[in-house]
Amino acid sequence: FKGKSKNGPWGDSVEEIDWSLGEIVRTISELKLTDNTLIIWTSDNGAPRRSPVQGSNLPLSGWGYTTSEGGMRVPCIMSWPGTIPANTVCDELCTMMDLYPTAAELCYQPLDKSVPRDGHDILPLMTSRYKLKSPYEAFYYYQMDQLQAVRSGKWKLYLPIEMRSRTKNGSPQKQALQLYDVVEDPAESKNLAESNPEVVEQLTQLTEKARVELGDYQQPGSQVRPHAVKEQAFPLLRAYRSP
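As numbered in this note's numbering, residues 31 to 273 make up the sequence shown, in order.
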C-alpha cells in the first residue's frame, strides 16, 4: 500500500486498514457467520496537530492531546444484523470502558458487583430502536492527572484553571470558564456560561465530587485503585497450547 494514497504514509495506512476490514467482513460473510458476529469499528482519539497534516477532527473542535471534543471523541460503528437495528444512530455518551461489562453481558457472565468498575453495560443502547439515556451522570475530562472539564447530558463545562501541559517544555496556559452545548455546537464555538449560571453551578458541583473520588492534580482521589494485573496470562483459545 506504499504510495497508494495522496496523503503519504498516513493515508497509505488508512487505505490498508480499509482493505483489511473489507477482507474480514467478506470472510465472515463467506462463512455465513454474519448474523452471529458483532463488528465494532472504533479507533484511538483525536487527530493531533502535526505537519504534514494527519487527519482532521472537523466538525469537532481542537486536536488530540487536549480535552476538546476533537481530542476526546472517537468514531464508533457497530454492526450485528438482526440484533442491532440497521440505520440507527445513538447520540448518548458511552466510553471504551463500557465494552468489557457489555461483553460480559453478551456472554452471560455475571460480574462480581463487589469489585468497583468504571464501565457500564450499554447493550440496551446498542440494540434499542428507541432513544434511551446514557448510563453516565457525568463524564470527566482529565489531562494526565488534572481535571480540566466535565460533561453532563448536552452540557460541557471547562474549568477556570491553569492547564498542565503534556510536554516537558510546554508552558502552562490559563483556561477560562466556558460552557458549551456540545450536541448542538460540537465545534464549541458559543460560550454559554454567562447566560446559564444554574448549569455552571450544577456542573461545578459534579467536578467537586470528581475531585474527591477520582482526584485532581496533587490531590489523591478516595476511589483511585491500582491497575489490575493478571499473572501468567495466556489467551483462552482452543488452538493455544500452554507451555
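Yeah, the Cβ is synthetic: ideal placement off N, Cα and C, and Gly gets one too.
Hey, out of the options, whose CA is closest to residue i's CA?
i: Q84; options: L90, V104 and S43; result: S43
i: P257; options: Y210, V145, L155 and T97; result: Contrary to the premise, residue 257 reads as His rather than Pro in this sequence. Among Y210, V145, L155 and T97, the Cα nearest to that of H257 belongs to V145.
i: L209; options: R181, Q203, Y160 and P202; result: R181
i: D128; options: E224, T118, L153 and Q139; result: L153
i: I191; options: Q205, W185, G183 and K184; result: Q205
i: L51; options: D142, E224 and W71; result: W71
i: N87; options: I54, A133 and E218; result: E218
i: C137; options: L189, N226 and N66; result: N66
i: N221; options: P265, W185, P250 and G245; result: W185
i: Q249; options: A263, K260 and L177; result: L177
i: S59; options: G41, P111, G33 and K34; result: P111
Are residue i and residue j touching if we call contact CB-CB under 8 Å?
i: D175; j: Y247; result: yes
i: L187; j: V242; result: no
i: E135; j: D151; result: yes
i: S109; j: I69; result: yes
i: Q173; j: T97; result: yes
i: Y171; j: M102; result: yes
i: T118; j: R159; result: yes
i: V213; j: E99; result: no
Can you tell me the Cβ-Cβ gap for residue i and residue j, rounded? I've got them flagged as a contact below 8 Å.
i: S164; j: C106; result: Actually they do not touch by this definition, with Cβ atoms about 13 Å apart.
i: T64; j: T113; result: Contact doesn't hold; Cβ gap of about 11 Å is too wide.
i: G38; j: P89; result: Wrong, their Cβ atoms sit about 24 Å apart, outside the cutoff.
Is any beta-carbon of chain C found at less than 8 Å from that of residue i?
i: R79; result: Protein chains in the displayed structure number just one, and chain C is not present.
Could you give the uninterrupted runs of the alpha helix (DSSP H) lying entirely in the stretch 65-140, keeping only those of 4 residues or more?
99-102 and 129-136
Taking the runs of the beta strand (DSSP E) that are 3 residues or longer, which of them lie wholly in the stretch 224-262?
none
Three or more beta-carbon pairs under 8 Å between the stretch 63-83 and the stretch 91-98, yes or no?
yes
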